[in-house]
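Asker:
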Amino acid sequence: MPQLLHLDSSADLHSSTSRELTADFAAEWSSLGASYSVIRRDLHTDPLPHIPTDELHWAPRLRTTGRPVPTAADRLQSELIEEVVRADAVVVGAPMYNWSIPSTLKAWIDYIHVPGITTSFDSETMPLAGKPMVVVTSRGNQYGPGTPDELIDHQIPPLRQVFGTALGMDVTFVRAELTLAERVPAMAAWIETSHSNAETARSEVVALARHIAMQLS
Ligand SMILES: Cc1cc2nc3c(=O)[nH]c(=O)nc-3n(C[C@H](O)[C@H](O)[C@H](O)COP(=O)(O)O)c2cc1C
4 MPQLLHLDSS ADLHSSTSRE LTADFAAEWS SLGASYSVIR RDLHTDPLPH
54 IPTDELHWAP RLRTTGRPVP TAADRLQSEL IEEVVRADAV VVGAPMYNWS
104 IPSTLKAWID YIHVPGITTS FDSETMPLAG KPMVVVTSRG NQYGPGTPDE
154 LIDHQIPPLR QVFGTALGMD VTFVRAELTL AERVPAMAAW IETSHSNAET
204 ARSEVVALAR HIAMQLS
């Protein structure tokens, strides 16, 4: 029963590139048979509260005595961690917002990256190690190697750090760039490139869904 956790964080509910691509991934996954299930979590339409206390960053045994964690937050954290640990694969839509990621996605990360539970601290605990994750990044401009804005990409490097390095997940990034070409008159020369970027990204997510599903079967 390979289960996919499908996350989105775009605030655009009408024409979001990342939402379209994660939906393509999930549709391909589901098309492989009734046993390929999908758990959906929309971090924009159903946002998580910010962590109410820094103590939630730590496994309960590592928390500071006398600094209580609200029970509801504790419960929510357990639910979110169980959900991602239980999934066999994860696809997440991660648009670039202000050179970084939507705060809604950051809030989810703050709940699930927990030393002593999801990453090793005083003992070996890496329950997400090796789990396939596809991060679909959409961004208005372009930030690839050799572009003028290469060094101000604070979207992909932090996500690689937390999901790949800290949590040990097997992360693949799909990049859809220049998505603002049609909206911003000064970017009109990039419209065709943006369309071909979107097509490439679409083929990539479909191929990745099949590849990951086959590896798990
Ligand atoms: C709040 C906000 C901030 C944004 N900041 C940036 C940015 O810093 N750099 C950039 O290239 N595009 C930026 N954009 C454009 C988005 O990255 C682009 O529209 C992308 O396609 C959004 O993802 P989506 O299509 O999946 O919704 C921003 C858009 C929003 C709504």
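In case it helps, my numbering puts the sequence shown at residues 4 to 220.
No residue lacks a Cβ here, since even glycine has one placed at the ideal position from N, Cα and C.
Regarding Ala14 and ligand 1, is the C-beta to nearest heavy atom distance less than 7 angstroms?
Answerer: For the purposes of this step, residue 14 is taken as the residue at position 11 of the sequence shown. At least one heavy atom of ligand 1 is nearer than 7 angstroms to the Cβ of Ala14, so yes.
Asker: Would you say Asn101 touches ligand 1, meaning its beta carbon is less than 7 angstroms from a heavy atom?
Answerer: Sequence index remark: in the sequence shown, residue 101 carries index 98 (1-based). Yes, since a heavy atom of ligand 1 falls inside the 7 angstroms radius drawn around the Cβ of Asn101.
Asker: Count the other CB atoms, across all protein chains shown, that sit within 10 Å of the CB of Gln145; report buried if there are 16 or more and exposed otherwise.
Answerer: The residue you call residue 145 lines up with position 142 of the sequence shown. Burial call: buried.
Asker: Is DSSP giving Thr168 helix, strand or coil here?
Answerer: Here the question's residue 168 lines up with position 165 in the sequence shown. Correct three-state label for Thr168: helix.
Asker: How far does the beta strand (DSSP E) with Glu219 in it reach, from first residue to last?
Answerer: Within the sequence shown, numbered from 1, the residue matching residue 219 stands at position 216. For clarity, residue 219 is Leu in the given sequence; the question names Glu instead. Note, Leu219: premise wrong, no beta strand (DSSP E); alpha helix (DSSP H) at 194 to 219.
Asker: Could you tell me the boundaries of the alpha helix (DSSP H) in which Thr107 lies?
Answerer: Residue 107 sits at position 104 when you count from the first residue of the sequence shown. 106 to 115 is the span of the alpha helix (DSSP H), which, as asked, contains Thr107.
Asker: Do you know how far the Cα of Met217 is from the Cα of Tyr114?
Answerer: In the sequence shown, counting from the first residue as 1, residue 114 sits at position 111. In the sequence shown, counting from the first residue as 1, residue 217 sits at position 214. Rounded to the nearest angstrom, the two C-alpha atoms are 30 angstroms apart.
Asker: So, Leu8 versus Arg44, is the Cβ gap smaller than 8 angstroms?
Answerer: As a first step, residue 8 is located in the sequence shown; it is residue number 5 there, counting from the start. As a first step, residue 44 is located in the sequence shown; it is residue number 41 there, counting from the start. A contact, by the Cβ cut-off of 8 angstroms.
Asker: For Gln158, name the three-state secondary structure that DSSP assigns.
Answerer: In the sequence shown, the residue the question calls residue 158 occupies position 155. Here Gln158 sits in coil by DSSP.
Asker: Would Gly133 and Gly171 qualify as a contact pair, given that the criterion is a beta-carbon distance under 8 angstroms?
Answerer: As a working note, residue 133 is residue 130 in the sequence shown. As a working note, residue 171 is residue 168 in the sequence shown. Contact: yes.
Asker: Return the first residue and the last residue of the alpha helix (DSSP H) that Thr25 is part of.
Answerer: Taking the first residue of the sequence shown as position 1, residue 25 is located at position 22. Element bounds for Thr25: 20 to 34.
Asker: Following the continuous alpha helix (DSSP H) through Asp77, name the residue where it begins and the one where it ends.
Answerer: Looking up residue 77 in the sequence shown gives position 74. Where Asp77 is concerned, the enclosing alpha helix (DSSP H) stretches over 74 to 89.
Asker: Let me know the secondary structure DSSP gives Pro188 once reduced to three states.
Answerer: The residue given as residue 188 occupies position 185 in the sequence shown. Three-state result, Pro188: helix.
Asker: Can you check whether the CB of Gln80 is closer than 8 angstroms to the CB of Leu46?
Answerer: Against the sequence shown, residue 46 aligns to sequence position 43. Against the sequence shown, residue 80 aligns to sequence position 77. No, these two residues do not count as a Cβ contact at 8 angstroms.
Asker: Once DSSP output is grouped into helix, strand and coil, what is the label at Pro118?
Answerer: The residue labelled residue 118 in the question sits at position 115 within the sequence shown. DSSP places Pro118 in strand when its eight states are reduced to three.
Asker: Once you ignore the five residues that flank Val87 on each side, which residues in its own chain have a CB closer than 7 angstroms to its CB?
Answerer: Residue 87 sits at position 84 when you count from the first residue of the sequence shown. For Val87, where only same-chain residues beyond five positions count, the Cβ hits under 7 angstroms are Leu8, Val93, Ile115, Leu131.
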